[in-house]
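**Student:** Pasting a structure below so you can have a look.
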C-alpha cells in the first residue's frame, strides 16, 4: 500500500463535469493498493493517518492532528502509485491489486478512518477523475 498525503486548504474530485466530493481544510490522500495488502495493513495505516500531527500550532510547529483543527479527509484511489518504473519507458502494474480487491481494501481503509471519528469524502473508484487541490505549505508525505 502506498499513500501520497497532502495537507490542503481545500480539495475536490470532479467526474464527468460533476463535483462528486469536496473538502475544506484537511488532507488529500492518493491511495495505491498493492497485491500484498491485507485488511489489517489498511486499518493500521488508516489509524496512523488519524494521529499524524502535521498541522501547525500557534508557534508554527507541526504539532496538531486532524481532530484538533476540525479537518476533513478526501481519499482518492490511485492504482498508478503501484507502478513499476524500473524497466523501459512504459509503467508496469503487476504490483497493483486487482480492481475488486483494491475497491474492497480502500473501503476498509476509509471505513477505519471514519470509525476513528473523522469525516471522509471519496473519489469514485475506477473513474477518470480530475482532482483539484490547494496544497497547504506545501506539505506532502509518501507513506508505505
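Residue numbers (our numbering): 22 to 165. For glycine and all other residues, C-beta sits at the position ideal for the given N, C-alpha and C.
Can you find at least 3 beta carbon pairs, one from the stretch 105 to 125 and one from the stretch 49 to 60, that sit closer than 8 Å?
**Tutor:** yes
**Student:** Across the stretch 120 to 135 and the stretch 33 to 41, are there enough close Cβ pairs to call them in contact, namely three or more that are closer than 8 Å?
**Tutor:** By the C-beta criterion, the stretch 120 to 135 is judged not to be in contact with the stretch 33 to 41, since fewer than 3 inter-stretch pairs fall below 8 Å.
**Student:** What do you get for residue 68, buried or exposed, if any count of 16 or more other CB atoms within 10 angstroms of its CB means buried?
**Tutor:** exposed
**Student:** What three-state label does DSSP hand residue 65 in the structure shown?
**Tutor:** helix
**Student:** Could you check which residue in 155, 96, 156 has the C-alpha nearest to that of residue 128?
**Tutor:** 96
**Student:** Quick one: what's got a C-beta closer than 7 Å to residue 30's C-beta in the same chain, skipping five residues either side?
**Tutor:** 46, 155, 157
**Student:** According to DSSP, is residue 74 helix, strand or coil?
**Tutor:** coil
**Student:** Please list the terminal residues of the continuous alpha helix (DSSP H) segment that includes residue 89.
**Tutor:** 87 to 90
**Student:** Where does the unbroken beta strand (DSSP E) through residue 156 begin, and where does it stop?
**Tutor:** Per DSSP, residue 156 belongs to the beta strand (DSSP E) from 151 to 164.
**Student:** Tell me the rounded alpha-carbon separation between residue 52 and residue 79.
**Tutor:** 31 Å
**Student:** Within the same chain, show all residues whose beta-carbon is closer than 6 Å to that of residue 142, passing over the 5 residues directly before and after it, in chain order.
**Tutor:** 42, 44, 95
**Student:** DSSP beta-bridge partners for residue 27?
**Tutor:** 49, 161
**Student:** Quick one: give me the first and last residue of the beta strand (DSSP E) that residue 95 is part of.
**Tutor:** 93 to 98
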